[in-house]
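Contents: one structure, followed by commentary.
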Amino acid sequence: MNHLFKGVIATTMVATMMLSGCATSIKPSSSTNPPPSEAFSSFGRIELKPAVFTSNIKGNEAALAKINENIQKELAPSLAEWNKRSDNGRALVIEPVVEQFSFKHGAKRVLLGPMAGSSGVLMRVTFKDNGGRVVASPEFFQRAAAMAGGWTFGVHDNLMLTRVAQLSTNYVKANYANAVGGPTGGDDPVVTPESK
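So for the sequence shown, the working numbering puts the first residue at 164; every next one is plus one.
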């Protein structure tokens, strides 16, 4: 009986240590983004730049391409419509930059499942006018929990890329007519503690 008890304790400790490494350290600074300094409809032209990684990320180019593809697909119809208006001489440039990134995929996810860890992405989208003034700089966060990613063989990880793109495009659309802000995608339990 004593050996059985010790075996259960040892197994529990090993499982706890293995799963504790599964959580991502990527976190947003808030659960909500503030509104831009003015509604995006104040600008006669709106230009969308391709999403890029910050210089310190040696990330997965295919994952970045997926984020970019989703942003372009979601915003293209709105941008085409908005840019039909008469040019008032004011332009807004949208620059999505992935600041933090951890993506578990492919063979690693299939072979290791949840033990490969969680995936996470934090993307900042900077909105600048043609004079270089920052109109807004919201951040968008999504994660794919280790267990969910493991049980779905990486599908959950790929959906994370779609969700972070969707959050950013929703912010653009929601702040076109009125400056209202929007969600970051982070809920209170995952927000960085020092920012609360």
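Beta carbons: idealized from backbone N, C-alpha and C, even for Gly.
Item: Span of the alpha helix (DSSP H) around residue 258; Value: Residue 258 -> not in any alpha helix (DSSP H); beta strand (DSSP E) instead, spanning 254–265.
Item: Pairwise C-alpha distance: residue 265 and residue 275; Value: Note that residue 275 scores 47 on pLDDT, short of 50, meaning its location in the model is unreliable; the coordinates nonetheless yield the value given after this. Their Cα atoms are separated by approximately 15 Å.
Item: Neighbour-count burial assignment, residue 297, 16 or more Cβ in a 10 Å radius; Value: exposed
Item: Same chain only: Cβ atoms within 7 Å of residue 175, ignoring 5 sequence neighbours per side; Value: No answer about residue 175 holds up, because its pLDDT of 47 lies below 50 and its placement is not dependable.
Item: Closest residue to residue 196 among 295, 289 and 235 (Cα-Cα distance); Value: 289
Item: The beta strand (DSSP E) enclosing residue 291, as first and last residue numbers; Value: 282–292
Item: Cutoff 8 Å; reference residue 249; Cβ partners in own chain excluding five residues on either side; Value: 207
Item: Same chain only: Cβ atoms within 6 Å of residue 253, ignoring 5 sequence neighbours per side; Value: 206 and 207
Item: Alpha carbon of residue 193 to alpha carbon of residue 327, nearest angstrom; Value: 15 Å
Item: Per-residue burial, residue 173 [other beta carbons within 10 Å of its own, 16 or more giving buried]; Value: Unreliable positioning characterises residue 173 in this predicted model, as indicated by a pLDDT of 49, which lies under 50. The coordinate reading is nonetheless provided below. That one is exposed.
Item: Neighbourhood of residue 189 by C-beta, 8 Å cutoff - its chain only, sequence neighbours within 5 removed; Value: 263, 264, 265, 283, 284, 285, 304 and 306
Item: Pair within 7 Å by beta-carbon distance, residue 211 and residue 257; Value: yes
Item: C-beta contact flag for residue 325 and residue 251 at 7 Å; Value: no
Item: Euclidean distance between Cα positions of residue 322 and residue 209; Value: 27 Å
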